[in-house]
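Structure, as structure tokens:
Protein chains: 2
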Amino acid sequence: MRATVIHGAGDVRVENVADPVLSEPTDAIVRVSLTCICGSDLWPYRGMERDGAGSRIGHEFLGVVEETGSEVNGLRPGDLVVSPFTWSDGECAYCRERLQTSCVNGGLWGSSGSDGAQGEAVRVPYAEGTLVRLPVEPDSELLPGLLTLADVLPTGHHAAVSAGVRPGGTVTVVGDGAVGLCGVLAANRLGAERIIVMGRHTDRTDLAVEFGATDVVPERGEEAVERIRELTGGEGTRSVLECVGTGDSLRTALRVAREGGRVGYVGVPQDGDGVDVREMFTRNVGIAGGVCPARAYIPELLPDVLYGKFDPGRVFDRRIGLDGVSEGYREMAERKALKVLVDPS
Amino acid sequence: MRATVIHGAGDVRVENVADPVLSEPTDAIVRVSLTCICGSDLWPYRGMERDGAGSRIGHEFLGVVEETGSEVNGLRPGDLVVSPFTWSDGECAYCRERLQTSCVNGGLWGSSGSDGAQGEAVRVPYAEGTLVRLPVEPDSELLPGLLTLADVLPTGHHAAVSAGVRPGGTVTVVGDGAVGLCGVLAANRLGAERIIVMGRHTDRTDLAVEFGATDVVPERGEEAVERIRELTGGEGTRSVLECVGTGDSLRTALRVAREGGRVGYVGVPQDGDGVDVREMFTRNVGIAGGVCPARAYIPELLPDVLYGKFDPGRVFDRRIGLDGVSEGYREMAERKALKVLVDPS
Chain A
1 MRATVIHGAG DVRVENVADP VLSEPTDAIV RVSLTCICGS DLWPYRGMER
51 DGAGSRIGHE FLGVVEETGS EVNGLRPGDL VVSPFTWSDG ECAYCRERLQ
101 TSCVNGGLWG SSGSDGAQGE AVRVPYAEGT LVRLPVEPDS ELLPGLLTLA
151 DVLPTGHHAA VSAGVRPGGT VTVVGDGAVG LCGVLAANRL GAERIIVMGR
201 HTDRTDLAVE FGATDVVPER GEEAVERIRE LTGGEGTRSV LECVGTGDSL
251 RTALRVAREG GRVGYVGVPQ DGDGVDVREM FTRNVGIAGG VCPARAYIPE
301 LLPDVLYGKF DPGRVFDRRI GLDGVSEGYR EMAERKALKV LVDPS
Chain B
1 MRATVIHGAG DVRVENVADP VLSEPTDAIV RVSLTCICGS DLWPYRGMER
51 DGAGSRIGHE FLGVVEETGS EVNGLRPGDL VVSPFTWSDG ECAYCRERLQ
101 TSCVNGGLWG SSGSDGAQGE AVRVPYAEGT LVRLPVEPDS ELLPGLLTLA
151 DVLPTGHHAA VSAGVRPGGT VTVVGDGAVG LCGVLAANRL GAERIIVMGR
201 HTDRTDLAVE FGATDVVPER GEEAVERIRE LTGGEGTRSV LECVGTGDSL
251 RTALRVAREG GRVGYVGVPQ DGDGVDVREM FTRNVGIAGG VCPARAYIPE
301 LLPDVLYGKF DPGRVFDRRI GLDGVSEGYR EMAERKALKV LVDPS
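Protein chains in written order, with full-length UniProt numbering: chain A, 1 to 345; chain B, 1 to 345.
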């Protein structure tokens with residue numbers, strides 16, 4: 001089959017690789033219907049540290065079950081399924097607590113020995129614990145929206161939950177990427193009254209407004225902090241969703257939080273730039289979040305996508321085939337594309 | 001009157017100062033019955049940065065109301081009261097939300113222009129919002145325990161609440177000072193099942209065990225992390241109370257937290273040593289806490305002290321008069337005393 005392999009910074013290729021086969025009785029083989037490129041794929045693409053050049057890449061996919069191992073219950077060939085961006089056994093203490101990203105048998109697609117999502121098919125370990133069936137036809141126009149359940153939608157939701165967003169609450173979303181936009185959707189869904197999005201790409205912030213943002217702040221750094229304080233009676237917002245992952249963005253997030261507030265962070269931290277807790281101490285601002293246990297949130301978020309309460313699929317502004325993957329990475333890295341949908345069929 | 005003044009590192013003196021007088025109609029004058037020395041007083045005593053040598057010091061006191069301004073309701077001369085370590089107006093948005101440390105009119109005892117607690121009397125701004133009446137006689141043997149309501153007991157409680165301690169929960173307390181010991185009490189009070197205290201002073205850890213600690217870990221740093229993981233099936237504890245305030249102690253706290261767990265930090269951060277969120281990200285460990293809104297917690301904690309459910313007054317292991325304050329600081333700084341009670345009468 002064909003799958004995407006990353007060889008180094010700026011070097012992403014679609015190659016012929018071995019077809020996946022069942023190797024454990026808990027495995028399933030899924031033929032990928034849709035996958036996509038994530039902002040976090042751009043870190044290795046841009047040359048950040050990464051173990052093992054030559055490894056598969058991509059961690060978001062939905063597709064059709066082709067084959068299941070003998071111990072897989074509840075899934076049959078032909079089922080349309082979405083996978084969260086990590087696999088998990090569904091049985092360990094962490095999985096039972098809905099923190100499947102800490103599963104003792106879990107892993108991230110594309111990590112050593114596993115298939116990446118940006119290919120024609122994937123061997124799914126612990127398929128029963130990992131995959132979620134989708135009650136739509138394989139040609140449904142909801143598919144792009146449902147694909148966001150793999151990562152960006154639950155990740156935005158994780159930021160909102162970690163930031164304690166509540167009905168009537170005030171929220172700042174740091175970042176206008178796909179996760180930030182999904183953070184706006186999630187905050188709106190949880191009943192926030194005021195949602196300030198920080199971003200300077202008008203096509204993105206326009207979509208943020210459609211997703212429920214009430215204010216757009218194009219400024220950055222100290223100017224953004226001042227602007228957001230102006231907008232909130234000098235106080236900042238109770239909840240802040242940090243959806244970027246740099247030391248600068250996290251510091252900004254902490255500074256626009258209201259005293260007693262909470263920052264929910266989901267941006268993959270890219271620098272060792274530390275958070276000085278002295279800045280948090282007198283203001284009683286807390287930080288929570290981290291890698292999103294998407295598997296935990298999919299059942300809760302799925303109905304709203306299915307019934308069209310909102311359409312997170314709008315974060316995709318390009319659609320390509322596998323042949324276009326290298327171009328897709330380039331467009332996202334150059335911010336010409338917000339999020340690129342890949343149809344490997 | 002006589003009051004304690006700090007002139008520089010290691011230089012704390014009791015001096016004659018002006019008697020406090022009512023200057024606002026919301027003021028009260030309180031004659032101090034009992035005060036004490038706090039671990040955080042030791043930071044300026046040890047020569048950490050501090051604005052204004054020659055300023056008053058001390059922020060924990062209980063005493064008898066001597067005089068009230070014309071706008072003070074609910075307090076009369078002769079009332080025995082305890083003060084939290086900050087004053088607050090009781091009326092602003094933050095006070096109404098029980099975050100009195102963020103009061104728009106609030107301040108810390110001993111800060112510029114205010115009286116310190118380690119003296120014979122204190123002018124209390126916003127007395128009605130600040131002080132809490134104590135329904136005991138002025139010679140009650142409960143007074144030392146009630147004095148802990150000013151700071152260390154609610155601060156330990158704030159750490160426990162911020163760390164999400166729940167019935168049946170597992171807890172690590174980093175630090176065996178008075179706040180750490182009160183953290184043990186608070187975690188026990190909230191129903192924690194397992195309470196591991198880190199400390200190597202056996203007189204303190206013995207008291208921690210009496211307060212409800214189930215395990216004592218004398219190791220530090222990496223050895224402590226390993227020991228706590230051994231004690232918890234390799235996982236760490238869901239809640240961690242950081243009661244020290246150094247970068248090292250905070251890093252240790254983060255590392256002994258179970259995945260998905262929470263660090264409640266109340267140690268005043270002493271170094272700019274940053275927290276690397278990369279260490280928190282994949283483990284979904286959050287940090288919350290900060291300066292404790294003691295005023296918010298006093299009504300909840302008071303009954304348990306009054307009715308003898310526990311005796312936090314046991315953290316005091318020395319009792320001195322005002323003349324002994326300099327000696328008291330020295331003993332605490334040299335760790336010969338855990339916490340020094342000062343009777344200025």
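Think of the CB as a built atom: it goes at the ideal place given N, C-alpha and C, for glycine as much as any other residue.
What does the Cβ neighbour count give for Tyr329/A, buried or exposed, with the cut at 16 atoms within 10 Å? On the first sequence, position 329 is the one that residue 329/A refers to. With 16 or more Cβ atoms within 10 Å of its Cβ, Tyr329/A is classed as buried.
To the nearest angstrom, report how far apart Arg238/A and Gly119/B are at their CA atoms. Your numbering for residue 238/A matches position 238 in the first sequence. Your numbering for residue 119/B matches position 119 in the second sequence. C-alpha separation (whole angstroms): 39 Å.
Listing by chain order, which chain B residues have their CB less than 8 Å from the CB of Thr246/A? By one-based count along the first sequence, residue 246/A stands at place 246. Near Thr246/A there are no residues of chain B at all, since even the closest Cβ is about 10 Å away, more than 8 Å.
Going along the chain, which residues of its own chain have a beta-carbon closer than 7 Å to the beta-carbon of Asp343/B, five neighbours each way excluded? Position 343 of the second sequence, counting from 1, holds the residue named residue 343/B. Beyond the five residues adjoining it in sequence on each side, Asp343/B comes within less than 7 Å, by CB distance, of Leu34, Arg319 and Gly321 in the same chain, given in chain order.
According to the neighbour-count rule (16 or more other Cβ atoms, all chains shown, within 10 Å of its Cβ), is Arg7/A buried or exposed? Counted from its first residue, the first sequence places residue 7/A at position 7. Residue identity check: residue 7/A is His in the sequence provided, not Arg. The residue is exposed, with fewer than 16 neighbouring Cβ atoms inside 10 Å.
Residues that residue 346/A contacts on chain B, provided the C-beta gap is smaller than 8 Å: Limits of chain A in this structure are 1 at one end and 345 at the other, which puts residue 346/A out of reach.
Going by the beta-carbon positions, is the gap between Ala127/B and Asp27/B smaller than 8 Å? Here residue 127/B refers to the residue found at position 127 when the second sequence is read from its first residue. Here residue 27/B refers to the residue found at position 27 when the second sequence is read from its first residue. Yes, the Cβ-Cβ distance between Ala127/B and Asp27/B is below 8 Å.
CB contact check: Ala288/A to chain B, cutoff 8 Å: Locating residue 288/A in the first sequence gives position 288, where the first residue counts as 1. At least one chain B Cβ lies under 8 Å of Ala288/A.
If we define contact as Cβ-Cβ less than 8 Å, is Asn105/A a contact residue for chain B? Here residue 105/A is taken as the residue at index 105 of the first sequence, counted from 1. So, not an interface residue.
Just to confirm, are Gly289/B and Tyr265/B a CB contact at a threshold of 8 Å? Here residue 289/B refers to the residue found at position 289 of the second sequence. Here residue 265/B refers to the residue found at position 265 of the second sequence. Taking 8 Å as the Cβ cut-off, Gly289/B and Tyr265/B qualify as a contacting pair.
Chain-order list of residues whose beta-carbon lies under 6 Å from that of Leu99/B (same chain, five-residue window excluded): Working through the second sequence from its first residue, we reach residue 99/B at position 99. Closer than 6 Å at the Cβ level, and outside the excluded window around Leu99/B, lie Pro293.
What are the partner residues of Thr121/A, as DSSP defines its beta bridges? The residue you call residue 121/A lines up with position 121 of the first sequence. Here residue 121/A is Ala; the residue named in the question, Thr, does not match the sequence. Bridge partners of Ala121/A: Arg31/A.
Start and end of the alpha helix (DSSP H) containing Gly183/A? The count along the first sequence starts at 1 and reaches residue 183/A at position 183. Taken as a continuous stretch (DSSP letters only), the alpha helix (DSSP H) holding Gly183/A covers Ala178 to Arg189.
Any chain B beta carbon closer than 8 Å to Glu97/A: Taking the first sequence and counting its residues from 1, the one referred to as residue 97/A is at position 97. Cβ-Cβ to chain B under 8 Å: yes for Glu97/A.
Within 8 Å (strictly less), CB to CB, does Leu134/B reach chain A? The count along the second sequence starts at 1 and reaches residue 134/B at position 134. Not one chain A Cβ lies under 8 Å of Leu134/B.
Using a Cβ-Cβ cutoff of 9 Å, what residues of the segment 325–338 of chain A are near chain B? List them in chain order. none
Starting from the beta carbon of Gly260/B, find every residue of chain A whose beta carbon is closer than 8 Å, and list them in chain order. Locating residue 260/B in the second sequence gives position 260, counting from the first residue. Near Gly260/B (Cβ distances below 8 Å), the residues of chain A are Tyr94, Glu97, Leu99 and Ser102.
Near Arg133/A, what residues of its chain come up, given a Cβ to Cβ distance below 6 Å and the 5 sequence neighbours on each side ignored? Locating residue 133/A in the first sequence gives position 133, counting from the first residue. Cβ within range, chain order: Asp79 and Val81.
Using 10 angstroms around the beta-carbon of Thr252/A, count the other beta-carbons present and answer buried if the total reaches 16, otherwise exposed. Residue 252/A sits at position 252 when you count from the first residue of the first sequence. By the neighbour-count rule (16 or more Cβ atoms within 10 Å), Thr252/A is buried.
If you reduce the DSSP assignment to three classes, tell me which class Trp43/A lands in. As a working note, residue 43/A is residue 43 in the first sequence. Trp43/A: helix per DSSP, three-state reduction.
At least three beta-carbon pairs within less than 8 Å, the segment 278–286 of chain B to the segment 150–161 of chain B: Verdict: no, contact absent.
Within 8 Å of any Cβ in chain B, is that where the Cβ of Leu153/A sits? Taking the first sequence and counting its residues from 1, the one referred to as residue 153/A is at position 153. At a cut-off of 8 Å between beta carbons, Leu153/A makes no contact with chain B.
Please say whether Pro154/B and Phe307/B have beta carbons closer to each other than 8 Å? Counting from 1 along the second sequence, the entry for residue 307/B is found at position 307. Counting from 1 along the second sequence, the entry for residue 154/B is found at position 154. According to the sequence as given, residue 307/B is Tyr; it is not Phe. No, Cβ-Cβ distance for Tyr307/B and Pro154/B is not below 8 Å.
Leaving out the 5 sequence neighbours to the left and right, which residues in its chain are closer than 6 Å to Thr101/A when beta-carbon positions are compared? Counting from 1 along the first sequence, the entry for residue 101/A is found at position 101. If we look at Thr101/A and ignore the five residues flanking it on each side, its Cβ neighbours are Thr86, Val291 and Pro293.
So, are the CB atoms of Cys103/B and Ser88/B less than 8 Å apart? Looking up residue 103/B in the second sequence gives position 103. Looking up residue 88/B in the second sequence gives position 88. Result yes, Cβ atoms of Cys103/B and Ser88/B sit closer than 8 Å.
Start and end residues, beta strand (DSSP E) containing Asp271/A: As a first step, residue 271/A must be located in the first sequence, where it is residue number 271. It is not in any beta strand (DSSP E) - Asp271/A carries neither H nor E in the DSSP assignment.
Nearest to Glu71/B (by Cα), restricted to the options Leu42/B, Glu24/B and Glu60/B: Locating residue 71/B in the second sequence gives position 71, counting from the first residue. Selected option, being the one with the closest Cα: Glu24/B.
Using the Cα positions of Leu254/B and Gly274/B, report the straight-line distance between them to the nearest angstrom. Within the second sequence, the letter at position 254 stands for residue 254/B. Within the second sequence, the letter at position 274 stands for residue 274/B. Whole-angstrom Cα-Cα distance: 12 Å.
If you draw a straight line from the C-alpha of Val65/A to the C-alpha of Tyr94/B, how long is it? Indexing the first sequence from 1 puts residue 65/A at position 65. Indexing the second sequence from 1 puts residue 94/B at position 94. Cα-Cα distance, rounded: 54 Å.
Among the residues of its own chain, which have a CB less than 6 Å from the CB of Val17/A, if the five just before and after it don't count? Here residue 17/A refers to the residue found at position 17 when the first sequence is read from its first residue. Closer than 6 Å at Cβ, skipping near neighbours: Ala3.
Check whether Val315/A and Thr148/A have beta carbons under 8 Å apart: Your numbering for residue 315/A matches position 315 in the first sequence. Your numbering for residue 148/A matches position 148 in the first sequence. Closer than 8 Å, so yes.
Under three-state DSSP, which class holds Phe316/A? Here residue 316/A refers to the residue found at position 316 of the first sequence. Residue state, collapsed to three classes: coil.
State yes or no: is the beta carbon of Tyr265/B nearer than 8 Å to at least one beta carbon in chain A? Stepping through the second sequence from its first residue, residue 265/B is reached at position 265. Yes, Tyr265/B counts as interfacial toward chain A.
Would you check if the distance between the CB atom of Gly145/B and the CB atom of Gly313/B is smaller than 8 Å? Translated into positions along the second sequence, residue 145/B becomes position 145. Translated into positions along the second sequence, residue 313/B becomes position 313. Yes.
For Pro125/A, does the count of other Cβ atoms within 10 angstroms reach 16, so buried, or fall short, so exposed? Taking the first sequence and counting its residues from 1, one reaches residue 125/A at position 125. Under this definition Pro125/A is a buried residue.
Interface flag, Leu250/A vs chain B, CB-CB below 8 Å: The count along the first sequence starts at 1 and reaches residue 250/A at position 250. At least one CB atom of chain B sits nearer than 8 Å to the CB of Leu250/A.
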